[in-house]
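Step one of this worksheet: look at the structure below.
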Amino acid sequence: MVGGMKMQIYQILHVSSLLILTGLTFLAIAAPRPEWRRPILIGTGILSLVMLVSAFGLISVIYGNNFTGWMIVKIVLWVILSALAGLAFRLPGRGKLLGWTATAVLILAVLMVYLKPF
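Residue numbers for the sequence shown follow the working numbering, so the first one is 19 and each next one is one higher.
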């Protein structure tokens, strides 16, 4: 087993933060209420950081810090997903576009992880 318990902790942190970040992002897109702006942006910022740190932890444990193309794509997708909650509050009339963007980003991220095309 590569990395043992360390890898499992990184995986749990990564997937858990992704799920909650996704939920908060869609909440911001669906109902960009001004009174929710601060708590949602704080939450998505913290969760985004946890996702990033746990991702690099997994890369270190599993791949020995050897980056491949799909990892770079995942980082770009992470940046886009991390920005969407903030954009939802700045562009409240663009919920449909932001929702579809979030959906596409999440599907592409899953494809990158499972297919590792490059």
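Where a beta carbon is used, it is the ideal one built from N, C-alpha and C, also for glycine.
Predicted model, so just to flag it, every value in this text is computed and none were measured.
When the Cβ atoms of the segment 110-119 are set against those of the segment 54-69, are three or more pairs found closer than 8 Å? The segment 110-119, when compared against the segment 54-69, does not touch it at the 8 Å Cβ threshold.
Looking at Gly35: is its Cβ nearer than 9 Å to the Cβ of Ser72? Position 17 of the sequence shown, counting from 1, holds the residue named residue 35. Position 54 of the sequence shown, counting from 1, holds the residue named residue 72. For the record, residue 35 in the displayed sequence is Ser; it is not Gly. Yes, the pair counts as a contact, with Cβ atoms nearer than the cut-off.
Bounding residues of the alpha helix (DSSP H) (the contiguous stretch that carries Thr86): Indexing the sequence shown from 1 puts residue 86 at position 68. Per DSSP, Thr86 belongs to no alpha helix (DSSP H) and is neither H nor E.
Does the separation of the CB atoms of Leu126 and Val91 fall below 9 Å? Taking the first residue of the sequence shown as 1, we reach residue 126 at position 108. Taking the first residue of the sequence shown as 1, we reach residue 91 at position 73. Contact flag set, yes.
Helix, strand or coil for Lys134? Go by DSSP, reduced to three states. For the purposes of this step, residue 134 is taken as residue 116 along the sequence shown, with counting starting at 1. Three-state DSSP puts Lys134 in coil, outside helix and strand.
Within this structure, are the beta carbons of Val123 and Leu95 separated by less than 9 Å? Along the sequence shown, read from residue 1 onward, the residue named residue 123 stands at position 105. Along the sequence shown, read from residue 1 onward, the residue named residue 95 stands at position 77. Contact flag set, yes.
CA-CA distance, Ile64 and Ile30? For the purposes of this step, residue 64 is identified with residue 46 of the sequence shown, where counting begins at 1. For the purposes of this step, residue 30 is identified with residue 12 of the sequence shown, where counting begins at 1. C-alpha separation (whole angstroms): 16 Å.
Please specify which runs of the alpha helix (DSSP H), each continuous and at least 4 residues long, are wholly inside the segment 50-86, giving them in chain order. 55-81
Give every residue of the same chain whose Cβ lies closer than 8 Å to the Cβ of Lys134, excluding the five residues on either side of it in the sequence, and list them in chain order. Translated into positions along the sequence shown, residue 134 becomes position 116. Thr86, Trp88, listed in sequence order.
Cβ atoms of Leu42 and Gly61: under 9 Å apart, would you say? If you number the sequence shown from 1, residue 61 lands on position 43. If you number the sequence shown from 1, residue 42 lands on position 24. Taking 9 Å as the cut-off, the beta carbon of Gly61 is found closer than this to the beta carbon of Leu42.
Measuring only the C-alpha atoms, how far is Gln26 from Phe107? Looking up residue 26 in the sequence shown gives position 8. Looking up residue 107 in the sequence shown gives position 89. Those two C-alpha atoms are separated by around 35 Å.
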